[in-house]
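Asker: Last residue of the sequence shown? That's 223 in this note's numbering, and every number before it is there in order.
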Amino acid sequence: MIKKSVLTKRGIWHPTDALNSEESKEFAQRIEELGYSMLWIPETTGRDPFAHIAYLASVTENLHFATGIANIYHRLPGVTRQASATLAEQSNGRFLWD
């Protein structure tokens, strides 16, 4: 998980459901190039934010991620915790779940 000391005031909250995977990749890489430290992706009616963050973490180097919101009515707590722990591990600590 991300240490709170890593977080800065320069992050972006953006639903990426309107973007295809290639556009999402380019978006994440571009905001990383611009110096933003965090991308918050909400859970909406489109793609799964945990799986999508895993993809975006694999195509960026320093950008940190969070879901911004996860629907508690659609997710079991234990499974959500497993997904969060897996993302944190596979992204080298670049996933925030607090």
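No residue lacks a Cβ here, since even glycine has one placed at the ideal position from N, Cα and C. Everything numeric in this text was worked out from a predicted model, so none of it was measured.
Using CA atoms only, rank isn't needed, just tell me which of Phe152, Ala143, Leu164 is closest to Arg135.
Answerer: Nearest Cα to Arg135 within the set Phe152, Ala143, Leu164: Leu164.
Asker: With DSSP collapsed to three states, give me the class of Gly160.
Answerer: Residue state, collapsed to three classes: coil.
Asker: Can you give me the C-alpha to C-alpha distance between Ile127 and Leu212, rounded to a whole angstrom?
Answerer: With a pLDDT of 48 at Ile127, under the threshold of 50, the predicted position of this residue should be treated as unreliable, though the coordinate-derived value follows. Going from the Cα of Ile127 to the Cα of Leu212 covers about 11 Å.
Asker: For Ser221, write down the residues that DSSP places opposite it in a beta bridge.
Answerer: Here residue 221 is Leu; the residue named in the question, Ser, does not match the sequence. For Leu221, which the question treats as bridged, DSSP gives the partners Ala191.
Asker: Say whether the stretch 147-162 touches the stretch 191-204, bearing in mind that this needs 3 or more beta-carbon pairs closer than 8 Å, one atom from each stretch.
Answerer: no
Asker: What did DSSP end up calling Ile178 once you bin it into helix, strand or coil?
Answerer: helix
Asker: When burial is assigned at 16 or more other CB atoms within 10 Å of the CB, is Phe220 buried or exposed?
Answerer: buried
Asker: Apart from the five residues on each side of it in sequence, which residues of its chain come closer than 8 Å, Cβ to Cβ, to Phe190?
Answerer: The beta carbon of Phe190 sits closer than 8 Å to the beta carbons of Met163, Leu164, Trp165, Ile166, Ile178, Leu181, Ala182, Leu212, Ser216, Arg219, Phe220, Leu221 from its chain, once the five residues preceding and following it are set aside; these are given in chain order.
Asker: So what's Gly171 in DSSP terms, helix, strand or just coil?
Answerer: coil
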